[in-house]
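Note sheet for the following structure.
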Amino acid sequence: MNKLPVCIFKRYLLLLVGLTIMAFGVAFSIKASLGTSPISSVPYVVSLFTPLTVGTATITMHCVFIALQILILRRNYHPIQLMQLPVAFFFGYLTDFGVWAVQKIGYTAYWQQWLLCLAGILLVAAGVSLEVKAGVVVLAGEGVILAICKVLPKVKFGYMKVAFDVTLVVIACTMSFVFTGRLQGVREGTVAAALLVGLIAKQFGKVLEKWKLEGTIE
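Here the sequence shown is numbered in the numbering used here, starting from 3 and rising by one per residue.
Dropping the structure here:
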């Protein structure tokens, strides 16, 4: 009986560690100036033409995603998923802290930008792996995908994830052209992130499989 609270504590601690690593991954991607990951592209572009920071724009986007889940699932929406809200605030503010922490890192060559970009991709992938390993609550973006798959059971998660990411990138590109007059936030680094984060996260996941967390979270 005493093991369950300890298990829950470990899982949420693992989630917080994962979110912290992921937030710094986003910060490194932004610093590289080669384009952010698809999920961060919209908040980054929004931060360019509004008073919102990347972190606060991320929080706002996640709140929209939570509302979408409620609209999609209605009575089938589980209140426990509202834990996505504090997670969104934690992740958003951490992202702003990460952006501040890496602001003094400089580069003078294109290959150095790629080093920063790849560091960001690795950190995001590691953070995602820890989030999945924690198994307590998903980020709101993934929650929307799961909600759609739940009402459309024939649609596989992988395909919906790709469609979701493409939609976000298209929205980011459109807003960038409309509000800033040029393409920003979406570049070759965005493509690299879309292709590599999932693959690298799977490899991290295989390593984390050796670490057993007792108990389950319902």
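We put the CB at the ideal spot given by N, CA and C, even for glycine.
Cα-Cα separation, residue i to residue j
{"i": "residue 192", "j": "residue 124", "result": "13 Å"}
{"i": "residue 111", "j": "residue 95", "result": "30 Å"}
{"i": "residue 14", "j": "residue 89", "result": "10 Å"}
{"i": "residue 129", "j": "residue 19", "result": "8 Å"}
{"i": "residue 184", "j": "residue 151", "result": "34 Å"}
{"i": "residue 34", "j": "residue 70", "result": "32 Å"}
{"i": "residue 220", "j": "residue 140", "result": "Annotation note: pLDDT 41 at residue 220 (below 50); position unreliable, no value reported."}
{"i": "residue 62", "j": "residue 40", "result": "16 Å"}
{"i": "residue 11", "j": "residue 137", "result": "12 Å"}
{"i": "residue 163", "j": "residue 42", "result": "14 Å"}
{"i": "residue 52", "j": "residue 17", "result": "30 Å"}
{"i": "residue 46", "j": "residue 55", "result": "8 Å"}
{"i": "residue 160", "j": "residue 127", "result": "16 Å"}
{"i": "residue 210", "j": "residue 176", "result": "38 Å"}
{"i": "residue 2", "j": "residue 198", "result": "An answer regarding residue 2 cannot be provided, because it is not within the stretch 3 to 220 covered by the chain."}
{"i": "residue 121", "j": "residue 92", "result": "22 Å"}
Anticipated Cβ contact below 8 Å, residue i with residue j, distance rounded
{"i": "residue 149", "j": "residue 82", "result": "Incorrect: roughly 14 Å between the Cβ atoms, too far for contact."}
{"i": "residue 36", "j": "residue 115", "result": "5 Å"}
{"i": "residue 67", "j": "residue 145", "result": "6 Å"}
{"i": "residue 203", "j": "residue 131", "result": "5 Å"}
CA nearest to the CA of residue i, picked from the options
{"i": "residue 181", "options": "20, 206, 44", "result": "44"}
{"i": "residue 72", "options": "147, 204, 194, 179", "result": "147"}
{"i": "residue 57", "options": "32, 208, 158, 179", "result": "32"}
{"i": "residue 207", "options": "159, 122, 153, 133", "result": "133"}
{"i": "residue 153", "options": "86, 211, 91, 76", "result": "76"}
{"i": "residue 60", "options": "197, 38, 118, 199", "result": "38"}
{"i": "residue 205", "options": "108, 135, 87, 99", "result": "135"}
{"i": "residue 25", "options": "101, 118, 85", "result": "101"}
Simplified DSSP state of residue i, which is helix, strand or coil
{"i": "residue 79", "result": "coil"}
{"i": "residue 109", "result": "coil"}
{"i": "residue 58", "result": "helix"}
{"i": "residue 156", "result": "coil"}
{"i": "residue 204", "result": "helix"}
{"i": "residue 190", "result": "helix"}
{"i": "residue 143", "result": "helix"}
{"i": "residue 12", "result": "helix"}
{"i": "residue 36", "result": "coil"}
{"i": "residue 198", "result": "helix"}
Residue span of the alpha helix (DSSP H) that contains residue i, given as start and end
{"i": "residue 115", "result": "112-136"}
{"i": "residue 45", "result": "40-51"}
{"i": "residue 169", "result": "159-182"}
{"i": "residue 86", "result": "86-103"}
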